Amino acid sequence: MEIIVAATTVALVLVFLAAHTLPEAERTHRPKRPTVADVQTRLAAEPPRPYVPISRGW
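In our numbering, the protein residues as written are 11 to 68.
Structure representation (structure tokens):
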């Protein structure tokens, strides 16, 4: 009985630690989201695109 309680306790501690450390690891490796200013700068640097209608209006 003591072995089952010890194994369950160890398993719960490991699951708890994994649940709290993995999101932190993911957050540190994830690229930063671009800001509005970053997107506007990138779009301003692109050449203008010609307007091509999708349909002919039929």
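By construction, the Cβ of each residue, glycine as well, lies at the ideal position given by its N, Cα and C atoms. Since this is a predicted model, take the numbers as computed values, not measurements.
Cα separation between residue i and residue j?
i, j, result
"Pro58", "Leu27", "51 Å"
"Pro44", "Arg52", "10 Å"
"Leu22", "Lys42", "33 Å"
"Ile54", "Val62", "Checking the displayed sequence, the identity of residue 54 turns out to be Ala instead of Ile. Their Cα atoms are separated by approximately 20 Å."
Only counting the same chain, and skipping five residues up and downstream in sequence, which positions put a Cβ closer than 7 Å to that of residue i?
i, result
"Ile14", "none"
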